[in-house]
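**Q** Quick one: structure below, then a few questions.
Numbering (UniProt numbering), first residue to last: 1 to 173.
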């Protein structure tokens, strides 16, 4: 520890030294601050040969690690949502604003399209009604012209027609 403090003082970026010397004696035994590396000197003394058991150094999910005093066990997976992974970060403020802005644009575009479609439908219905009225007027006009032609034929004096073929045709009608 003293050597680490000296190295820190020699570093030009850390002129003031280690700021947390006053709490180091309390937190140094916490698992978070312990080195998980076993020095090679200790391994050689324990076994007397070069074989190192991986089970003792790397605990498996079935074996429990010894608990540190003063620390509670907790699950690192705090994400309760379905399908979420613990490494996913929530979206940032800029992305959230951008997403909201895009959603608003899409919603306004959809509402504008609906309004435009309703206006087009109203115009189409009006045009359809106008065409129906025009067709009825044309049918009435055609019927009137036909009736006028028939009246003209009926009112004609047959003696005034000089051509005998036309006179015979009109008499037959």
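The C-beta atom is built at its ideal place from N, Cα and C for all residues, glycine as well.
Let me check you understand the geometry: is the CB of residue 101 closer than 7 Å to at least one non-hydrogen atom of the ligand FAD?
**A** The ligand FAD is absent from the structure shown, which contains no ligands of any kind.
**Q** For the alpha helix (DSSP H) containing residue 149, name the first residue and the last one.
**A** 93-154
**Q** Considering only their Cβ atoms, is the gap separating residue 167 from residue 154 smaller than 8 Å?
**A** no
**Q** Can you tell me whether residue 26 is helix, strand or coil according to DSSP?
**A** helix
**Q** Please report the distance separating the alpha-carbon of residue 107 from that of residue 89.
**A** Cα-Cα distance, rounded: 27 Å.
**Q** DSSP three-state label for residue 158, please.
**A** helix
**Q** Nearest-angstrom Cα distance between residue 104 and residue 113?
**A** 14 Å
**Q** Look at the alpha carbon of residue 128 and the alpha carbon of residue 140, and state the distance between them as a whole number of angstroms.
**A** 18 Å
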